[in-house]
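Trainee:
Numbering (UniProt numbering), first residue to last: 1 to 476.
1) In the structure shown, what three-state DSSP assignment does residue 427 receive?
2) Among 278, 171, 117 and 289, whose alpha-carbon lies nearest the alpha-carbon of residue 141?
3) Could you name the residues of the same chain whose beta carbon sits closer than 8 Å to that of residue 476, not counting the 5 residues immediately before and after it, in chain order?
4) Whose C-beta lies closer than 8 Å to the C-beta of residue 130 among residues of the same chain, with five residues either side of it excluded?
5) CA-CA distance, residue 472 and residue 349?
6) Kindly indicate the opening and closing residues of the alpha helix (DSSP H) around residue 77.
7) Considering only the alpha carbon of each residue, which of 310, 430, 186 and 119 lies closest to residue 213?
8) Can residue 276 and residue 244 be called in contact, C-beta distance under 7 Å?
9) Return the chain-ordered list of same chain residues with a C-beta closer than 6 Å to the C-beta of residue 431, the five sequence neighbours on each side being excluded.
10) With a 10 Å radius around its C-beta and 16 neighbouring C-beta atoms as the bar for buried, classify residue 162 as buried or exposed.
11) When DSSP builds the beta bridges, which residues end up paired with residue 408?
12) Out of 375, 341, 174 and 153, state which residue places its alpha-carbon closest to the alpha-carbon of residue 284.
13) Please go through the same chain and pick out, in chain order, the residues whose beta-carbon is closer than 8 Å to the beta-carbon of residue 347, but skip the five residues on each side of it.
14) The alpha helix (DSSP H) that contains residue 493, what's its start and end?
15) Are the C-beta atoms of residue 129 and some chain D residue less than 7 Å apart?
16) So does the stretch 264-274 actually touch the stretch 421-441, counting three or more Cβ pairs closer than 8 Å?
17) With a threshold of 8 Å, are at least 3 pairs of Cβ atoms found where one atom belongs to the stretch 192-207 and the other to the stretch 239-253?
18) Identify, in the order they occur along the chain, each residue of the same chain with its Cβ nearer than 6 Å to the Cβ of residue 86, setting aside the five sequence neighbours on each side.
19) Just mark residue 189 as buried or exposed, buried being the case when its beta carbon has 16 or more other beta carbons within 10 Å.
20) Using DSSP with H/G/I as helix, E/B as strand and the rest coil, what is residue 400?
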């Protein structure tokens, strides 16, 4: 990273805020007037002129009033640039499910939807005690409570990637971690590299910040590994970082240690900060193993993004983090830590209450918490294998076996089934079989659908039956 880039980071400008229009209540003003109240008459005249878009020297008290209209009050460009591809595409699905069948939703990456997966009981009890104790009702520090940051640092620290509390920034969920990291590494007009297929929130958040997303390819025929040539080709003089998503949403892939090493070495060569989205860290199925980009990197600085939502089945608790790995002090010298510190002053952080539960969740010596995590992973792996085996029997479908997370990508032979694209396939499946999955277009993966396999086994089994029947009915 260059010193010039660091100087740009240190001078991040605060976004402007649109002014709210004044609260005009002409009816009340007129109703309270007395017949000969000169002050009231003057007020009424001013209100009338405002409503009629007029100006008057006698009202304004100036010699030459500036003409203004309400046309200048409008939604911000920043809001216009905030687009969520999933929401946009799903809103375009205007079909209704088959009313004769119970709806099965396999579209949402929320492990709590069906109620079959539970948070650690120990954490729930700790939360209840904290509520009743009344000791965590105040504002937390902008970077997060020290004890909680220390718990996260101790949990993730390894000999190859050591962490201290000062390296941990607590955020409002994994989404908050992404926003904090992007806001620290890039200015409006800069760009970052993101995987294709990839999680749409990368583009949504970057667009909101005025940052361009440039794509690099990941290959479905090579276990969704990154195409290194496409990373190299995408870099220009305004590229600040490369986003890695391992384990992957939407692909469910887990990169090998060798591949992670190659990617971070390329990032170092290209002088890119690595933003490693590792929200599904350790949510992998044997014999796969997870290796953090922070452990693999020898030279490139790494910001690891994570949180408690998935592993502990508490997405609604909204707690995430950014972990700073900067073994050569590149980020320090570039002013990046200062940028992170300043951005946290917006106080967009998790509640004091949830932060106080972190030491309980992060306690590796807690048998009950670890048993809960092991049970979760066992259930998810069994569900994943059920889906892969059953969908493998369906004509025109090719499920790509996941190595972890909650997701399964399925390739569709659209020609054989007679559908124009994956969106048409999704609509027809929903209309005929009341099974809802997300079309690959949501993730820039045309010709695929994504299935979330967190539902109870009997629900998944029924869904697989219906999908197979659907494909058999449409297969030519």
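Beta carbons are placed, not taken as given, at the ideal position from N, Cα and C, and that holds for glycine.
Mentor: Once the coordinates are examined:
1) helix
2) 171
3) 416, 417 and 418
4) 136, 353, 356 and 357
5) Looking at the backbone, the Cα of residue 472 and that of residue 349 are separated by about 50 Å.
6) First-last of the alpha helix (DSSP H) with residue 77: 77-80.
7) 186
8) yes
9) 95
10) By the Cβ-count criterion, residue 162 is exposed, with fewer than 16 other Cβ atoms from all chains shown falling within 10 Å of its own Cβ.
11) 451
12) 375
13) 139 and 142
14) Not covered by the structure: residue 493. The range shown for the chain is 1 to 476.
15) You won't find chain D in this structure, because it holds only one protein chain.
16) no
17) Yes: the two stretches touch, three or more of their Cβ pairs being nearer than 8 Å.
18) Excluding sequence neighbours, residue 86 sits near 200 and 442.
19) exposed
20) Strand, per DSSP.
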